[in-house]
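In the order they appear, the protein sequences are chains E and H. Positions in the first sequence are counted from 1; adding 35 to them yields this note's numbering. Positions in the second sequence are counted from 1; adding 35 to them yields this note's numbering. Even glycine gets a Cβ: it sits at the ideal position worked out from N, Cα and C. Below is one structure, written out as structure tokens, with a few remarks after it.
Number of protein chains: 2
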Amino acid sequence: MLTSVDRACLHHRRQQLADWVEDPVLLWSGTSVSRNFAANRFPFRASSHFLYFAGMPLQNAVIGLAAGQLTLFWDEPSPESTVWHGPSLSRRDVAEQMGADDHLPLSAVPTWTLAVATLPAPTADSLQQQTEWLGRSVSGSGSGHPQEWDRHMERDHQLAQAIIRLRLQQDDFALTQLQQAAQITVEAHLQGMRSTLNHASEAALRAEIESVMMAHQCPTAYTSIVTVQGEILHNDIYPHTFAPGDLLLVDAGAETPLGWAADVTRTWPVSGHFSATQRDLYDIVLAAHDACIAQIAPGVEFRDVHLLAAQTIASGLVDVGILRGQPEDLVERDAHALFFPHGIGHLLGLDVHDMEDLGDGAGYEPGRQRCDRMGLRYLRLDRPLCSQMLVTIEPGFYQIPALLHNPDLRQQYRDCVNWDRLAQFEDVRGIRIEDDVLVTSEGSQVLTSALPTQADDVMACVNSTSLKE
Amino acid sequence: MLTSVDRACLHHRRQQLADWVEDPVLLWSGTSVSRNFAANRFPFRASSHFLYFAGMPLQNAVIGLAAGQLTLFWDEPSPESTVWHGPSLSRRDVAEQMGADDHLPLSAVPTWTLAVATLPAPTADSLQQQTEWLGRSVSGSGSGHPQEWDRHMERDHQLAQAIIRLRLQQDDFALTQLQQAAQITVEAHLQGMRSTLNHASEAALRAEIESVMMAHQCPTAYTSIVTVQGEILHNDIYPHTFAPGDLLLVDAGAETPLGWAADVTRTWPVSGHFSATQRDLYDIVLAAHDACIAQIAPGVEFRDVHLLAAQTIASGLVDVGILRGQPEDLVERDAHALFFPHGIGHLLGLDVHDMEDLGDGAGYEPGRQRCDRMGLRYLRLDRPLCSQMLVTIEPGFYQIPALLHNPDLRQQYRDCVNWDRLAQFEDVRGIRIEDDVLVTSEGSQVLTSALPTQADDVMACVNSTSLKE
């Protein structure tokens with residue numbers, strides 16, 4: 036399953052970690068989680084930190100990392116289990132595949148627990164095991180006040196910082212995986228566009244899109260959004276049939292079997308044709324998308340990319356008469372956030388919000404913290420970009436009743452918004468255009484560039500449907 | 036969402052419970068479970084006991100049942116949440132939909148915790164909340180020795196027994212849901228059969244089958260088995276491409292949005308044609324399937340249905356020369372279990388193994404317990420059947436290396452098996468035929484009867500493919 040390049044990358048990751056962390060490290064993979072009874076479980080998803088150093092998912096395993104050496108702790112399934120689950124690789128074979136230097140039964144973990152650094156095990160069962168074996172609680176990096184940290188918390192914090200430093204920049208193994216996730220995701224969205232005219236509902240189109248990922252043995256990296264109510268940002272239900280004039284917002288990404296994610300959004304008309312009002316706003320979002328990607332390069336502050344999106348959207352909304360005033364002033368006052376309330380993007384890697392299990396530790400440069408301004412508080416990434424960092428760029432325009440009908444906000448922005456003009460755009464509920472962008476030494480590379488973004492190209496794709504008899 | 040018939044059934048369930056349980060009852064719905072970080076979660080699946088009395092899934096809710104009255108404890112989402120998740124029903128509206136008599140914030144649950152009966156909350160988070168609020172651990176019905184139970188455990192046990200008694204017989208609400216799950220599952224299997232000649236892999240065919248369920252807004256009730264290695268009973272990976280001569284075993288079932296399951300298996304040749312050897316063994320499994328269904332009626336012991344399957348399979352294997360001896364003797368010696376090691380079926384309802392969260396409490400008549408005979412130990416249901424009980428009937432034939440290459444078993448059954456003859460059936464790895472069968476006052480009704488079982492009909496269905504250009 037792993038190539039020699041993959042294994043070389045795994046080896047290098049462990050060496051790097053050893054350079055930055057003195058203490059031995061233990062990381063838990065976790066277990067599958069029960070759905071409604073013990074024998075009926077959700078598909079297993081290994082901890083991303085485990086996947087990063089072990090390279091492959093393995094249930095109920097622990098890895099030890101010390102001085103660049105990998106020790107696998109794992110028990111082979113019982114003989115009775117092979118009747119039900121088929122033959123398993125031996126521990127020796129698994130250890131060889133991941134390039135482990137040693138392999139031991141799980142019961143040997145407690146011999147390692149003195150003065151180790153770790154991160155919280157990912158599931159309730161594994162967390163309980165971890166707590167028992169370490170004889171201490173593991174609360175994750177940097178919780179509480181640093182002055183109250185004990186030696187264990189300092190160790191764990193140091194480990195988290197080292198892992199963040201490593202995982203911020205994608206190596207060749209990661210890039211191969213991320214490109215695969217991007218490619219399958221593009222294929223799935225194309226299939227969705229090309230089959231829209233054959234389908235009558237959100238649920239049917241979601242099935243069409245996810246079936247492409249499933250046929251590649253990829254789960255979804257997150258719950259797909261496939262909705263004609265694009266203004267509901269985290270919509271995860273699919274109850275609607277299509278009506279003429281609907282815009283469909285699809286935010287769906289594949290995850291490779293080794294755990295690497297894509298995260299892509301497109302918005303298209305279910306009829307195959309944008310109305311004039313839809314087209315106007317689509318082009319504003321697209322202008323922000325293109326401007327942000329053009330800006331991406333090593334050293335650029337991601338917060339400035341976000342503000343560029345805000346500026347481009349504000350400027351476009353002034354041009355079509357929805358906002359009034361100078362775009363700079365409008366952004367200064369967060370008026371753009373009435374229609375674009377979220378951040379321009381986030382880290383992407385093993386997690387769709389990469390390393391978000393560590394809070395803002397990965398997304399925010401040490402010493403920085405979330406700003407409470409309406410236009411900045413949902414920004415998940417505030418760091419200078421560096422080469423090999425992978426981010427999403429995902430500007431949007433939404434008419435969210437909870438914001439636009441909020442009396443306080445209407446009062447606050449009464450001079451900025453032309454409500455009568457806005458009413459003419461009622462056929463636009465939500466638009467988002469999202470791509471996965473790798474920072475390179477030259478600037479950037481869009482991993483998902485094979486998927487059309489221009490309104491004409493999107494319409495051509497939807498209309499290329501071969502209608503079913 | 037709920038019809039007046041549904042609501043009448045819900046009302047009747049609560050009245051029945053009140054007749055059998057004196058103490059007030061609290062049941063937790065649970066919460067969605069994190070996949071790799073807090074904001075990325077598996078789809079929510081409410082506790083089946085909650086669903087049974089509340090009728091609908093609702094995250095982080097508790098219901099109180101006392102004297103036939105329903106109290107809903109639930110908090111409406113925060114205003115900020117509506118920006119991300121859209122508008123929510125009010126607690127009043129939700130309470131009205133489920134026919135609740137009262138509705139209170141979640142924080143009011145602790146006012147109810149004196150002397151209540153309960154069952155373990157379904158997820159780690161909700162279990163912790165339950166333990167704190169009740170001020171005691173909740174270990175589930177009947178764990179430990181009855182003589183060591185305290186008053187709380189007795190209450191919980193009495194509740195579990197009452198719920199089992201209720202849920203064993205499907206009412207009109209349940210039957211409507213179960214028929215819907217069965218119908219969608221049949222449609223999905225038909226789509227799988229009819230598209231097999233267009234696909235080259237297990238993963239692609241799984242996608243085709245599950246996309247039918249997804250288009251109906253139904254998750255899978257359990258992880259689908261779609262495999263050319265049918266001898267791996269709980270196979271949950273999809274790595275193989277099809278080879279001529281492969282038999283494909285598909286065990287897949289839909290779950291309705293309100294949580295009711297189907298559980299169906301068919302086995303078909305990927306080429307559209309059974310070989311003579313495959314056909315011989317398929318017909319033996321089918322004979323067992325048909326004989327068992329014909330036997331089902333109120334009062335019949337399910338264990339006898341299982342033994343009839345064993346007898347039919349043993350007899351068929353004698354006829355084709357794989358087993359030697361009298362079928363009765365072979366079953367007595369468990370020789371059939373070399374090839375049919377699992378039980379003939381199980382309860383089906385809200386859970387695909389209904390109420391298996393209560394251990395064998397539902398599957399086994401009080402006073403009975405698992406038998407350690409090889410041919411009986413995996414039987415999940417050992418009760419006399421009664422009207423409105425829904426069970427699966429799923430005989431099979433498998434060549435499982437862990438059994439057939441086990442030296443002790445080969446020694447034990449050396450006089451029963453003609454290994455040379457068996458070698459001629461090497462193109463059969465696993466066959467299973469499974470339907471969902473409702474016990475009726477007249478006998479039985481197969482909810483999944485629209486899906487072909489006869490080998491000729493199955494082949495005709497596979498060959499009805501309209502090949503893609």
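DSSP places Thr-488(H) outside any alpha helix (DSSP H), giving it a letter other than H or E.
Comparing alpha carbon positions, the residue from Ala-370(H), Thr-38(H) and Gly-175(H) closest to Met-390(H) is Gly-175(H). DSSP, reduced to helix, strand and coil, places Asp-286(E) within a strand of the structure shown. DSSP places Glu-336(H) within a strand segment (E or B) once states are collapsed to three. Interface annotation, Asp-395(H): not in contact with chain E, CB-CB separation never under 9 Å.
In the structure shown, the three-state DSSP call for Ile-272(H) is coil. Short of 6 Å from the beta carbon of His-275(E), and not among the five residues preceding or following it, lie these beta carbons of its own chain, in chain order: Glu-237 and Val-263. In terms of CA proximity to Ala-150(E), Gly-99(E) leads the group Ser-113(E), Gly-99(E) and Gln-480(E). Annotated three-state conformation of Gln-204(H) is coil, per DSSP.
In this structure Pro-181(E) is exposed. Its beta-carbon is surrounded by fewer than 16 other beta-carbon atoms within 10 angstroms.
Taking the CA atoms as reference points, Ser-499(H) sits about 31 Å from Tyr-273(E). In the structure shown, Tyr-399(E) adopts extended strand secondary structure according to DSSP, grouped into three states. Residues of the stretch 117-145 of chain E with a C-beta less than 9 Å from any C-beta of chain H: Thr-117, Val-118, Trp-119, His-120, Gly-121 and Pro-122, listed in chain order. Runs of the alpha helix (DSSP H) lying entirely within the stretch 111-183 of chain H, each at least 4 residues long, are 114-120, 126-133 and 159-169 in chain order.
Its chain contains Leu-284, Arg-464 and Gly-465 as the residues whose beta carbon lies nearer than 6 Å to that of Gly-265(H), once the 5 sequence neighbours on both sides are disregarded; these appear in chain order. When C-beta distances to chain H are compared with 9 Å, the residues of the stretch 256-286 of chain E below that value are Ala-256, Tyr-257, Thr-258, Gln-264, Glu-266, Ile-267, Leu-268, His-269, Asn-270, Asp-271, Ile-272, Tyr-273 and Pro-274, in chain order.
Counting only unbroken stretches of 3 or more residues, the beta strand (DSSP E) elements lying wholly within the stretch 38-114 of chain E are 60-63, 69-72, 97-101 and 104-108, in sequence order.
Counting along the chain, Thr-312(E) sits inside the alpha helix (DSSP H) bounded by residues 311-330.
Any Cβ of chain H closer than 9 Å to the Cβ of Asn-71(E) would place that residue at the interface, and such an atom is present. For Pro-333(E), there are no neighbours in chain H by C-beta distance under 7 Å, as the nearest C-beta there is about 27 Å away. In this structure, Ala-437(E) and Pro-145(H) do not form a Cβ contact; the two beta carbons are roughly 31 Å apart against a cut-off of 8 Å. Classified as exposed, Arg-200(H) has fewer than 16 neighbouring CB atoms from the shown chains inside 10 Å of its CB. By the Cβ-count criterion, Asp-443(H) is exposed, with fewer than 16 other Cβ atoms from all chains shown falling within 10 Å of its own Cβ. Secondary structure at Thr-291(H): coil, using DSSP grouped into helix, strand and coil.
Judged by their CB atoms, Gly-134(E) and Arg-42(E) are nearer to each other than the 9 Å cut-off. By the CB criterion at 9 Å, Leu-93(H) and Asp-137(H) fall outside the cutoff. Within the stretch 358-391 of chain E, Pro-376, Asp-386, Val-387, His-388 and Glu-391 place their CB atoms closer than 7 Å to a CB of chain H, listed in sequence order. In the three-state reduction of the DSSP assignment, Ser-350(H) falls in the helix class, which pools H, G and I.
For the stretch 399-430 of chain E, no residue has a beta-carbon sitting nearer than 8 Å to a beta-carbon of chain H. Setting aside the 5 residues that flank it on each side, Ala-322(E) is surrounded in the same chain by Thr-347 and Gly-351, each with a C-beta closer than 7 Å to its C-beta; the list follows chain order. Annotation for Phe-79(E): Ser-67 and Gln-94 place their beta carbon closer than 6 Å to its own, counting only its chain and skipping 5 residues before and after. Scanning chain H for C-beta atoms nearer than 9 Å to the C-beta of Phe-77(E) yields Val-68, Arg-70, Phe-77, Pro-78, Arg-80 and Thr-258, reported in chain order. For the C-beta of Ile-435(E), the chain H residues within less than 8 Å are, from N- to C-terminus, Val-118.
Per DSSP, the beta bridge partners of Leu-358(E) are Val-452(E). Interface flag for Ala-150(E) against chain H is unset, since no Cβ pair is found closer than 9 Å. Annotated as proximal: His-84(E) and Ile-198(E), with beta-carbon spacing under 9 Å.
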